[in-house]
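To keep things clear, I will list the structure first and then write my remarks on it.
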Amino acid sequence: MLEENGRVVRLDDGTVWVETIKQSACSSCSAQKGCGQSLLAKIGDGKRLEIQVDNPQHLEVSVNDEVTLGVGERSFLTASLLVYLLPLLAMFITAVAAQRYGLSEPGVILSAGFGLAGGFVITRFISGRISRNCSYRPVLLRRV
128 MLEENGRVVR LDDGTVWVET IKQSACSSCS AQKGCGQSLL AKIGDGKRLE
178 IQVDNPQHLE VSVNDEVTLG VGERSFLTAS LLVYLLPLLA MFITAVAAQR
228 YGLSEPGVIL SAGFGLAGGF VITRFISGRI SRNCSYRPVL LRRV
């Protein structure tokens, strides 16, 4: 289970709203100065995110309590593959099909762009359906 700490900001009918702070692991990395990811992480580092969290254990929490949230590793991996791999796979398949069909290079590039966009649309549709599944939502694990 992947865990993150946060602070309870409000309570609604059995649902807990928790604020977390986006953090980067770049400060502990040795390639910090030569990495573009470090620069991108500095832009969003420290940003506050408010998320809705399920409370299946019915823990007694109140506003401003420090809590630990968790998301299943399998769910996280599945969601990551969906978001990153599916659009790229759709782009690749569309580009190969356009090449086999005999389109010129600009046509193949345009087809790849449409494939990427289609992959994002499919990802959006699938993620909307699986987001209703409880295993993909963060849960309240314990008070800190």
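Residue numbers (our numbering): 128 to 271.
We treat Cβ as the ideally placed atom computed from N, Cα and C, and that holds for glycine.
For arginine 201, the enclosing alpha helix (DSSP H) starts and ends at 200–228. Around the beta carbon of leucine 208, a 10 Å sphere encloses fewer than 16 other beta carbons of the protein chains shown; the residue is thus reported as exposed. Nearest Cα to glutamate 177 within the set Asp192, Leu268, Thr142 and Val136: Val136. Between glycine 197 and leucine 268 a beta carbon distance of about 5 Å is seen, short of the 8 Å cut, so the two are scored as contacting. Residue range 232–257 is occupied by the alpha helix (DSSP H) that includes leucine 237.
Bounds of the beta strand (DSSP E) holding glycine 133 are 129–139. By the CB criterion at 8 Å, aspartate 181 and arginine 264 fall inside the cutoff. Annotation for valine 190: Val135, Val136, Arg137 and Leu138 place their beta carbon closer than 8 Å to its own, counting only its chain and skipping 5 residues before and after.
Non-local C-beta neighbours of isoleucine 249 in its own chain, meaning closer than 7 Å and more than five positions away in sequence, comprise Leu213 and Ala217, ordered along the chain. Leucine 237 and glycine 229 have their C-alpha atoms spaced approximately 13 Å apart. When rounded, the separation of the alpha-carbon atoms in glutamate 193 and serine 202 is 24 Å. For threonine 221, the number of other beta carbons within 10 angstroms of its own is at least 16, and it is reported as buried. If you draw a straight line from the Cα of glutamate 232 to the Cα of valine 210, it comes to about 27 Å.
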